[in-house]
Structures are given as structure tokens and as C-alpha cells.
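I have placed the structure first, in the form of C-alpha cells, so that the comments after it can refer back to it.
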Amino acid sequence: MKKFLIINGPNLNLLGKREPEIYGDRSLSEIEDETMDKLKNFEVEVDWFQSNIEGEIISRIGESMGENLEALIINPAAYAHYSIGILDALKMVPFKVIEVHLSNTNKREDYRRAKLTAQGSDIIMEGLGQDAYFLAIYSQLI
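Here my numbering = 1-based position in the sequence shown + 6.
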């Protein structure tokens, strides 16, 4: 069984309410359920974590180093643009790191184009909408 950890950063608990024209109309809980439904024929275990607090995200990344993960999938949200702490934590993990963004940040405001955390990621997937989490996991199964 392949294990994955998905970490979601600030404001992702507001999906479905916050700018649905950009991020989609489903809540994070609905996305989790739909993703797991799509993965039901695969032998995977997925742990979902969301926090608006940078230190909690860093702590969860640190805890993951003791887990036997196939990959850590992270949507750092706004922290992608400036969190050296999250970047440093990502650089320490011994498994693949996949950074996802629901929107194509290159088509958005200038400040969203620079992704500091990408320097600690092996794969960047963005602009795939609410299917990004499923596609990130699926990319490691094929």
C-alpha cells in the first residue's frame, strides 16, 4: 500500500466560498471525498491535513519524516510566496515532494508568480483545479 500525506495551507478551509471562479465551488471536505472516491480502486492510504498556521504546517512536515510515504503533496497556498520555514522543512524530507496549486499562478498577480517553496519540491502541478490532488497521487501510481 502506498501512503501519501496531503498538506493544505491557509484559507484552503474556505474553498467553495472564497473566489469560486478561481478555486472552484467545492469545499475542501468535498474535494477530499471526491479524490478518495477516484482512488478507491488503488491501494493507497491518504492522510489529509489543513492549517492556517505556518508553524503547524512545518511541524506536520517534520512529523512526516518518520512515516513511510510515497510522497508528500502540499498546497502551501499563500505561504508558497514567502515561507522560508516551510521551504527548509520541505528540503529535509527523504521522499518526493509535489507542490500543487489549484489555479495557474502564472496567470495571476505578479506576487503570486514567485513560489519560494517550489525550491523544495520535486514536482509542481498547477492550474488543474480541484482535481489537482487526485492527479498528483495518480502521477505516482502510473
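For glycine and all other residues, C-beta sits at the position ideal for the given N, C-alpha and C.
| Check | Outcome |
| --- | --- |
| Spatial distance of E132 from S145 (CA atoms) | 13 angstroms |
| Unbroken stretches of the alpha helix (DSSP H), 4 residues or longer, contained in the segment 45-93 | 60-70 |
| Selection from A77, Y85 and S35 that minimises the alpha carbon distance to I129 | A77 |
| Three-state class that DSSP yields for E132 in the structure shown | strand |
| Own chain residues within Cβ distance below 6 angstroms of I143, not counting five before or after | F10 |
| Continuous beta strand (DSSP E) stretch holding L11: start and end | K8 to N14 |
| Cβ contact (3+ pairs, closer than 8 angstroms) linking the segment 88-107 and the segment 40-50 | no |
| For S127 and Y29, believed in contact at Cβ under 8 angstroms, the rounded distance | So it is not a contact: roughly 20 angstroms between Cβ atoms. |
| K4 classed as buried or exposed, judged by whether at least 16 other C-beta atoms fall within 10 angstroms | Outside the modelled stretch of the chain, which goes from 7 to 148, sits residue 4, for which no answer is possible. |
| 6 angstroms CB neighbourhood of F55 in its chain, flanking five on each side removed | I13 and R66 |
| Supposed contact pair T111 and P82 - C-beta distance, whole angstroms, cut 8 angstroms | Not quite, the Cβ-Cβ distance comes to about 11 angstroms (not below 8 angstroms), so this is no contact. |
| Beta-carbon separation (whole angstroms), E60 vs Y85, contact threshold 8 angstroms | 6 angstroms |
| Continuous beta strand (DSSP E) stretch holding I104: start and end | K102 to H107 |
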